[in-house]
Amino acid sequence: MKEGNAGMSFSIIVSTVGRLPELRDFFEGLVQQTYRDFETLVVDQSGASEVEALCDEYRPLLTIRHLPMTVRGLSRARNHGFAHSAGAVVTFADDDCVYPPHLLFEIDRHLAGAPQVHGVTTRSANAEGTASVTRFDR
Numbered sequence: 157m158k159e160g161n162a163g164m165s166f167s168i169i170v171s172t173v174g175r176l177p178e179l180r181d182f183f184e185g186l187v188q189q190t191y192r193d194f195e196t197l198v199v200d201q202s203g204a205s206e207v208e209a210l211c212d213e214y215r216p217l218l219t220i221r222h223l224p225m226t227v228r229g230l231s232r233a234r235n236h237g238f239a240h241s242a243g244a245v246v247t248f249a250d251d252d253c254v255y256p257p258h259l260l261f262e263i264d265r266h267l268a269g270a271p272q273v274h275g276v277t278t279r280s281a282n283a284e285g286t287a288s289v290t291r292f293d294r
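Per the numbering used here, the sequence shown runs over residues 157 to 294.
This is the structure in structure tokens:
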């Protein structure tokens, strides 16, 4: 499978309470993805219009759905996003993370080669490469 070719579709669910600079960085990471078959569902718990405006700014580059919520809570937001997701693979991202350019491609390749696998978790690290959770192999 070549980079950028569709294997499995992804739904990336990200919850935010109006953290615009972080969400912008997250979107920038998605724009750089080599694998392009994904939708982004932004569950917005801010109650303001700034998040929707940021989503509008990135709609020419990404498939984004803005899902406002009046109640707060990460689990509630993820469940709300999941109820609206269309992808074969659902991911839950924090609004302050940035996906490396080949992340979705690598996950798709891993899942395509292991049909018995029903879930994947990845190592997370800060911008300097320091792991945020040390229990995962590199």
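Ideal placement from N, C-alpha and C gives every residue a C-beta, glycine not left out.
- prompt: If you draw a straight line from the alpha carbon of residue 206 to that of residue 219, how long is it in whole angstroms?
  reply: For this step, residue 206 is matched to residue 50 along the sequence shown. For this step, residue 219 is matched to residue 63 along the sequence shown. Cα to Cα, the separation comes out at about 18 Å.
message: I'd like to confirm the pairing. Which residues does DSSP put opposite residue 186 in its beta bridges?
response: Against the sequence shown, residue 186 aligns to sequence position 30. Residue 186 is not bridged to any residue.
field: Beta carbon of residue 228 nearer than 8 Å to that of residue 273
entry: Residue 228 sits at position 72 when you count from the first residue of the sequence shown. Residue 273 sits at position 117 when you count from the first residue of the sequence shown. Cβ distance not < 8 Å, so residue 228 and residue 273 don't count as in contact.
query: residue 181 by DSSP, collapsed to three states: which one?
result: The residue you call residue 181 lines up with position 25 of the sequence shown. DSSP places residue 181 in the helix class (H, G or I) of the three-state scheme.
query: Touch check for the segment 253-260 and the segment 223-238: three-plus C-beta pairs under 8 Å?
result: As far as the Cβ criterion goes, the segment 253-260 does not touch the segment 223-238, which means the pair count is below three.
task: State the CB to CB distance for the pair residue 164 and residue 200, rounded to an integer number of angstroms; the pair is presumed to be in contact (CB under 8 Å).
output: Start at 1 with the first residue of the sequence shown, and residue 164 comes out as number 8. Start at 1 with the first residue of the sequence shown, and residue 200 comes out as number 44. Rounded, the Cβ-Cβ distance is 26 Å, inconsistent with contact.
Status (buried if at least 16 other CB within 10 Å, exposed otherwise) for residue 311: Because residue 311 is not part of the residues shown, which for the chain are 157 to 294, the question remains open.
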